[in-house]
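I have placed the structure first, in the form of structure tokens, so that the comments after it can refer back to it.
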């Protein structure tokens, strides 16, 4: 009786442990979403003024609300008069912290700049048309100067803005459009290069090669998938980049093309394996019907097998794009990382993963830049999530990975 | 030329083209491997493998990076392997069809589709900051474990799926309970494939860079780790550093080739081992 009970208990206990293990992946996905989005969406709760800084105007100035774009134009001296931003007719005077020496001597500022807040406040008092960009610590509490209020970062600014300057001052610019476009360009380029080769190899391995050759090819394709991305990146850097530079006579060989070629090679195993499975899934009866009608093997492949497996092949292509979008190290090493909207494959581009990898180390913890990089992570997560859902819908049951 | 010969000519040409395309892929593979082997082989020596890096990483060896990568491989798989295998067993042997199964499958697929840099972000936020482990082997290993977990679950599931139902029926016919059947009959038969999955995951862990960038990898740290809460250097990150941002890129190029060769060697050995295991152990089970 007790023995029986113990055995039963053990069974239950083990089943419980197994059950808990199986929920791990779901818990992890939820945790990842929570931690990623909590930090990433945080940027929409902040103003784009550079970390730890403040914009001040004189209390006499009737303009005390500006958009990020206006602030940028003012400090780049594109706007020189207050009436361009809805104020009076006066000239705009700029003040950055370095300018303080034009107004006060070191002694007046004090040994540890303890008089700085007061001095800045006085300067603003005396110059009604001045806008000052200063560190928060130098803002006099209850001072006479007026803080410029700036709208929070808007979704539209981030998604469609085409300037990515996350450390600019006085206002940061977080347009992810060039990064998004760079990622998509490089990935699409990679698939266009990889598809003919990958599909050919898949057809060859599924239809033509005898099992002896297949047994050699299969592990080699697996090995191609096993080579670390950083090795591909290194290879691209020392081989592809110089070749591209010489062939097209460029200043730098690091370009979208280099990224596409390397990513194309890396996407091959995904495309080959999944398309091969899809091609193999064609029912024997269909093949035989085609052959019985007098079609030869090639005609059967083109007119029967490929049309039948087209959804599987599409899944392979989309999954390949997904892999390419998320690839970090290889792209970081060969694309040159210029955050501009790409216009040609021979230009340097910068992708989302490469941006995160390159900049996160320098972004102060919890700051705007840090959160912006997490937002990029969110975008990456969403992109790959959408791709997964599409693949899930496309692929027939047996193809599910 | 009549219709029939034209048709066959076309076929011959098409097949020729397919063959050419397929073998050009293999040629690319051998070119990459060959290029790195030829340039790296003269660098790799006993000293290279057992010495600390010197002179701003332009001289000396890569010992700390090798040890670091081995630590990461061992710890991350010690975490991911049991969870992955348990979860694979549950998904194939215990779970009933229904919404729960579909949900878990969807989540596992999603996890395997997440780019590795996102794991890096999560690992940094959760293990390094939230749990306060700092940049350490343990934080990096957990991050890498998440990355390979879906792979292990999938291979376990596939391996167990391949075990014929007659075994299960025979065992339960003899009065074995569910777990007894699974543990002493199903698992041993599926084991070779599960181990193959384990080895391929190790190979994957050894080469991943993005997840360890912000969770463990040290730029330059010429000492060996004392505990799992230490930072370490790792081979893939070291390769990235000496290839792109070292103090003197041209002078450290040989080091980069040597590191790449060691990395490729590890991947190659693990892949061969996996293939061998699949063949040898697989055939043994069938014979018994």
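Chains as they are written, first to last, in the numbering used here: chain A, 81 to 481; chain F, 40 to 327. The beta carbon of each residue, even a glycine, is placed where N, CA and C say it ideally should be. Here the structure is a predicted model, which means the values were calculated and not measured.
Buried or exposed (CB count within 10 angstroms, at least 16 for buried), residue i
i, result
"residue 150 of chain A", "buried"
"residue 368 of chain A", "exposed"
"residue 84 of chain A", "exposed"
"residue 403 of chain A", "buried"
"residue 318 of chain F", "exposed"
"residue 177 of chain F", "buried"
"residue 108 of chain F", "buried"
"residue 478 of chain A", "Note that residue 478 of chain A scores a pLDDT of 49, beneath 50, so its modelled location is shaky; the value from the coordinates is reported in the next line. So residue 478 of chain A ends up on the exposed side."
"residue 357 of chain A", "buried"
"residue 175 of chain F", "buried"
"residue 182 of chain A", "exposed"
"residue 272 of chain A", "exposed"
"residue 309 of chain A", "buried"
"residue 222 of chain A", "exposed"
"residue 363 of chain A", "exposed"
"residue 149 of chain F", "buried"
"residue 383 of chain A", "exposed"
"residue 278 of chain A", "buried"
"residue 141 of chain F", "exposed"
Residue-chain proximity (residue i, chain F), Cβ-Cβ < 7 Å
i, result
"residue 479 of chain A", "Confidence in residue 479 of chain A is poor, its pLDDT being 44 and thus under 50, which makes the residue's placement unreliable; the coordinate value appears in the next sentence. No - not a single Cβ of chain F is within 7 Å of the one on residue 479 of chain A."
"residue 388 of chain A", "no"
"residue 461 of chain A", "yes"
"residue 177 of chain A", "no"
"residue 280 of chain A", "yes"
"residue 109 of chain A", "yes"
"residue 288 of chain A", "yes"
"residue 96 of chain A", "no"
"residue 395 of chain A", "no"
"residue 409 of chain A", "yes"
"residue 299 of chain A", "yes"
"residue 308 of chain A", "yes"
"residue 322 of chain A", "no"
"residue 91 of chain A", "yes"
"residue 457 of chain A", "yes"
"residue 437 of chain A", "yes"
"residue 291 of chain A", "no"
"residue 113 of chain A", "no"
"residue 366 of chain A", "no"
"residue 406 of chain A", "yes"
DSSP bridge partner residues for residue i (one or two, in chain order)
i, result
"residue 210 of chain A", "A:173"
"residue 244 of chain A", "A:254"
"residue 115 of chain F", "BP columns for residue 115 of chain F are empty, so no partner."
"residue 92 of chain F", "F:99"
"residue 230 of chain A", "A:146"
"residue 271 of chain F", "F:256"
"residue 215 of chain A", "A:133"
Proximity to residue i [Cα-Cα], best of the options
i, options, result
"residue 277 of chain F", "F:46, F:258, F:293", "F:258"
"residue 456 of chain A", "F:137, F:161, F:69", "F:161"
"residue 323 of chain A", "A:235, A:414, A:349, A:397", "A:414"
"residue 210 of chain A", "A:238, A:361, A:141, A:177", "A:141"
"residue 135 of chain A", "A:259, A:156, A:442, A:174", "A:174"
"residue 146 of chain A", "A:452, A:394, A:229, A:269", "A:229"
"residue 74 of chain F", "A:316, A:233, A:226", "A:316"
"residue 105 of chain F", "F:154, F:245, F:50", "F:245"
"residue 336 of chain A", "A:320, A:348, A:472", "A:320"
"residue 257 of chain A", "A:269, A:239, A:225", "A:239"
"residue 242 of chain A", "A:442, A:443, A:462, A:430", "A:430"
"residue 121 of chain F", "F:243, F:214, F:195, F:314", "F:195"
Cβ of residue i within 7 Å of any chain A Cβ
i, result
"residue 146 of chain F", "yes"
"residue 82 of chain F", "no"
"residue 55 of chain F", "no"
"residue 327 of chain F", "Residue placement at residue 327 of chain F cannot be trusted, given a pLDDT of 41 that sits under 50; what the coordinates show is reported in the next sentence. Closer than 7 Å: no."
"residue 318 of chain F", "no"
"residue 129 of chain F", "yes"
"residue 185 of chain F", "yes"
"residue 258 of chain F", "no"
"residue 216 of chain F", "yes"
"residue 262 of chain F", "no"
"residue 171 of chain F", "no"
*Contiguous beta strand (DSSP E) assignments of at least 3 residues, all confined to the segment 406-477 of chain A*: You should have found no qualifying run.
*asked:* Please give the ranges of any alpha helix (DSSP H) in the segment 101-173 of chain A, keeping only runs that are unbroken, at least 4 residues long and fully inside the region.
replied: Restricting attention to alpha helix (DSSP H) runs no shorter than 4 residues, the segment 101-173 of chain A encloses them at 148-155, ordered along the chain.
*Which runs of the alpha helix (DSSP H), 4 residues or longer, sit entirely within the segment 179-205 of chain A?*
Complete alpha helix (DSSP H) runs here, min 4: 186-189.
*Chain-ordered residues of the segment 131-158 of chain A with a beta carbon less than 8 Å from chain B*: Looking for chain B here will not work: the only protein chains present are A and F.
*asked:* My parser needs the alpha helix (DSSP H) runs of 4 or more residues fully inside the segment 261-321 of chain F; what are they?
replied: You should have 274-279.
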